[in-house]
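See structure below.
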């Protein structure tokens, strides 16, 4: 179907502050578009991880048992962007405390072996994969080994190996790529100031002293002022855990969303999605079963359908999205057509396909700002 909708977003005021947080404002867009970006950053960016399920512990006499150590392995960021090499790498730790002091086992003690060449990576290469923490300027603490107490009680020992793989935070929250991914409505500061001025005049007329007025001002700006904001404008914050830069993450998120939208488009072209034409008593209505996708993609498609075919073209009398239960592996987009002669499966597939292409244009436009 011909494109008639112009909802191109505008990104403004993009800066990265001293704390490493990327801040920017997206204007002329819907909350579904911004929320899709947030959800993708939080859950769906592939990253190299230590696969604790493929860990083998040969000896562990420390305080922390194997399952706790596996969980700690999951949480360690792996600074490898090219995930195609992961199948050749093996993590190895073999440490014994032979000193008279408590030993701190950190990622600096990790050894990485290339299985294909049967050689270990250099210390410099390993430290690039497990670098110093920028805040603490220290390597990540993994465990502690107590020293030898007597001739009968030797120092603690930890020996294990583990493989690497690619994972996302959707399968395990430890595999996250961001420490911050959030947005809020852009405040309308001029309207806020005008509203407060009216309130202040009212308080003065009631005889309230200036000290109490100042307190009420802080109270009002802390909560009620947040209700006054610019329409279709959102302030976004993003901070990487360090594997990718903030800008790379925005690119990856836009690419991932577009990849999923293209997948939905292609499957619609093959007409493999189920469409239930008798799901409700609503006239000329049908449920489009979006298998394998949830709010991230579903709400984006719903937004385009609503803007184009409900508000503008007036082809639909209703469009809505729902995911009945968090454990469901599908979601539902419900259509209701105004005219019975427009109500058919081919039209539904075409509308979804158009919406996917239009949504892709939006994320391409967002990506170009970074």
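Residue numbers (our numbering): 1122 to 1491. All C-beta atoms, glycine included, are put in the ideal place defined by N, C-alpha and C.
Just the C-alpha distance for residue i and residue j, rounded to the nearest angstrom, thanks.
i	j	result
residue 1152	residue 1247	42 Å
residue 1177	residue 1213	10 Å
residue 1140	residue 1285	30 Å
residue 1263	residue 1292	22 Å
residue 1302	residue 1485	19 Å
residue 1123	residue 1436	For residue 1123, the predicted structure reports a pLDDT of 46, less than 50, and the residue's modelled location is therefore unreliable. A value from the coordinates is still provided. The straight-line gap from Cα to Cα measures roughly 14 Å.
residue 1458	residue 1159	32 Å
residue 1332	residue 1364	49 Å
residue 1482	residue 1136	24 Å
residue 1445	residue 1391	26 Å
residue 1241	residue 1228	15 Å
residue 1399	residue 1466	12 Å
residue 1260	residue 1226	9 Å
residue 1318	residue 1337	12 Å
residue 1312	residue 1350	8 Å
residue 1249	residue 1360	20 Å
residue 1448	residue 1238	43 Å
residue 1173	residue 1211	12 Å
residue 1310	residue 1357	17 Å
residue 1299	residue 1362	5 Å
residue 1132	residue 1489	9 Å
residue 1469	residue 1426	10 Å
residue 1326	residue 1316	16 Å
residue 1182	residue 1278	5 Å
residue 1208	residue 1175	12 Å
residue 1461	residue 1440	16 Å
residue 1386	residue 1471	9 Å
residue 1344	residue 1252	41 Å
residue 1265	residue 1199	21 Å
residue 1215	residue 1276	13 Å
residue 1307	residue 1149	12 Å
residue 1255	residue 1187	28 Å
residue 1244	residue 1235	13 Å
residue 1230	residue 1477	48 Å
residue 1273	residue 1184	18 Å
residue 1377	residue 1384	11 Å
residue 1487	residue 1221	57 Å
residue 1464	residue 1130	31 Å
residue 1142	residue 1475	35 Å
residue 1257	residue 1189	23 Å
residue 1206	residue 1380	23 Å
residue 1431	residue 1348	27 Å
residue 1406	residue 1154	25 Å
Report yes if the C-beta distance between residue i and residue j is below 8 Å; otherwise report no.
i	j	result
residue 1396	residue 1409	yes
residue 1163	residue 1290	yes
residue 1354	residue 1217	no
residue 1161	residue 1314	no
residue 1287	residue 1204	yes
residue 1558	residue 1223	The requested residue 1558 is not part of the displayed model; the chain covers only 1122 to 1491.
residue 1196	residue 1346	no
residue 1171	residue 1370	no
residue 1179	residue 1281	yes
residue 1442	residue 1423	yes
residue 1382	residue 1491	no
residue 1473	residue 1389	yes
Provide the residue span of the alpha helix (DSSP H) that contains residue i, from first to last.
i	result
residue 1247	1244-1250
Residue range of the beta strand (DSSP E) that residue i falls in?
i	result
residue 1233	1232-1235
residue 1299	1299-1308
residue 1264	1262-1266
residue 1137	1131-1137
residue 1444	Residue 1444 -> no beta strand (DSSP E), and no H or E assigned at all.
residue 1294	First-last for residue 1294: undefined, no H or E at that position.
residue 1284	1278-1288
residue 1222	First-last for residue 1222: undefined, no H or E at that position.
Say the cut is 7 Å; is the CB of residue i nearer than that to a heavy atom of the ligand SAH?
i	result
residue 1140	Of the ligands one can find in the structure shown there are none, so the ligand SAH has no counterpart to examine.
Quick one: complete alpha helix (DSSP H) runs, 4+ long, within the segment 1452-1491?
1466-1489
At what residue ranges does the segment 1397-1442 contain a whole run of the alpha helix (DSSP H), taking only runs of 4 or more?
1416-1426
Can you give, in chain order, each stretch of the beta strand (DSSP E) that sits fully within the segment 1141-1219 and has at least 3 residues?
1143-1148, 1168-1181, 1210-1217
Contained beta strand (DSSP E) runs [length at least 3] in the segment 1315-1386, N- to C-terminal order
1350-1361
Evaluate contact between the segment 1447-1464 and the segment 1416-1431, counting only Cβ atoms and requiring at least three cross-stretch pairs below 8 Å.
yes
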